[in-house]
Amino acid sequence: MQEQIITKNQCKICDEKSCAVSALKEDELELMSRNSSQVHFQEEEMIFKQNSPASHIIFIKQGLVKEHMSGPNKKDQILKIVKGPAFLRVASKLKYNINSYSATTLTESKICFIDIGVFKDLLFKNSSFSYEVLISVCEDGLYCFDKFVNQTQKHIHGRLADALLFFSSEIYNDSHFTLPITITELADLIGSSRESVSRCLQTFKKEEIIGFNGQKICMNILDKTKLQIISKAG
DNA sequence: GCATTAACCACAG
DNA sequence: CTGTGGTTAATGC
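Numbering (the working numbering), first residue to last: 196 to 429.
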């Protein structure tokens with residue numbers, strides 16, 4: 196039984212502010228502080244669950260989170276891996292009151308729960324804030340389009356290369372990193388089967404494009420250029 | 001037709 | 001959970 200520590204928020208002095216929150220004025224920050232709270236999550240804890248009522252806007256202060264959804268055949272699909280600082284569920288929450296997907300932490304994380312009423316108030320009151328939120332929602336949308344097209348048109352090699360490059364450049368900024376997910380999850384992320392991913396990783400290894408070992412896979416991208424070529428070629 | 005790609009299954013570690 | 005081998009269905013040349 197692990198205890199979650201809820202801390203009263205001090206948005207004003209928070210150093211993990213999103214661009215949007217930076218646009219808030221002093222009194223608005225104060226308002227957000229009073230109506231949000233920060234929760235410490237361990238790794239592999241669910242933040243919210245698909246089909247359950249959504250209560251708050253989520254802000255990932257720090258940590259890695261996967262957004263995932265199970266389809267009609269009950270297979271889990273990873274929609275996106277998000278690194279804090281980032282807002283979650285804005286699109287879903289403003290429109291519906293039910294979570295259309297789930298979110299689970301991949302690492303220990305600091306998560307803020309922001310009251311939806313207050314969030315909406317701020318959207319109306321402060322246009323710079325709204326604009327920044329809009330930007331992040333747009334980016335999200337574009338990312339989806341991008342992923343949709345890549346997913347549809349590329350072969351496994353390309354999709355896997357995409358994912359590896361994503362972790363390397365978007366998440367870790369390093370060619371050497373430990374994969375935060377299992378092979379099975381990696382398959383769920385790129386819309387493939389674990390067997391295919393496993394085989395494909397072996398191929399990359401044989402061609403000395405990547406190196407890896409261990410249960411929690413330590414990845415080392417040896418030939419980034421080649422990986423980019425594979426990614427492009429699909 | 002034949003080759004390739006990749007999913008599904010089964011089984012082992 | 002992961003790796004492997006066999007099977008199979010779809011698609012391409």
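Beta carbons are placed, not taken as given, at the ideal position from N, Cα and C, and that holds for glycine.
Predicted model, so just to flag it, every value in this text is computed and none were measured.
Residue burial classification, residue i (beta-carbon count within 10 angstroms, cutoff 16)
i: R394; result: exposed
i: S250; result: exposed
i: G312; result: exposed
i: M233; result: The question names Met, but residue 233 is Gln in the sequence shown. By the 10 Å Cβ count, Q233 comes out buried.
i: Y338; result: exposed
i: E239; result: exposed
i: S304; result: buried
i: I306; result: buried
i: K207; result: exposed
i: V216; result: buried
i: C333; result: exposed
i: P375; result: buried
i: V392; result: buried
i: E380; result: buried
i: M241; result: exposed
i: S364; result: exposed
i: C209; result: buried
i: F343; result: exposed
Whole-Å CB distance - residue i paired with residue j, under 8 Å assumed
i: H263; j: Y291; result: Between Y291 and H263 the Cβ distance is about 17 Å, and since that is not below 8 Å, they are no contact.
i: L280; j: I255; result: Here residue 280 is Pro; the residue named in the question, Leu, does not match the sequence. The Cβ separation is near 6 Å, so the contact holds.
i: D383; j: Q272; result: 6 Å
i: S387; j: R354; result: 7 Å
i: H352; j: I425; result: 5 Å
i: E221; j: K320; result: Actually they are not in contact, since the Cβ atoms of E221 and K320 sit about 13 Å apart, beyond 8 Å.
For residue i, the nearest candidate out of the options (CA to CA)
i: K349; options: K427, G279 and H235; result: K427
i: V328; options: F343, I252 and C209; result: I252
i: M414; options: E380, S387 and D369; result: D369
i: I293; options: I412, L359, S247 and T299; result: S247
i: I330; options: E211, A218 and L360; result: A218
i: N230; options: F314, T299 and F282; result: F314
i: Q423; options: E221, S391 and F361; result: F361
i: D341; options: L274, R389, I376 and I404; result: L274
i: L283; options: S265, N268 and G258; result: G258
i: K261; options: K270, P267 and K278; result: K278
i: T302; options: F399, I416, F236 and L317; result: F236
i: T347; options: T377, D335 and I385; result: I385
i: T299; options: F243, Y326 and L317; result: F243
i: S228; options: Q205, K212, Q245 and S213; result: Q205
i: D418; options: K212, K400 and G409; result: K400
i: C214; options: S325, G336, N408 and K411; result: S325
Bridge-paired residues (DSSP) for residue i
i: G406; result: N415
Taking the runs of the beta strand (DSSP E) that are 3 residues or longer, which of them lie wholly in the region 236 to 315?
-> 241 to 243, 251 to 257, 259 to 265, 271 to 278, 281 to 283, 297 to 300 and 304 to 310
Tell me the start and end of each unbroken alpha helix (DSSP H) in the region 345 to 375 that is at least 4 residues and wholly inside, in chain order.
-> DSSP runs (the alpha helix (DSSP H)) wholly in the region 345 to 375: 351 to 360.
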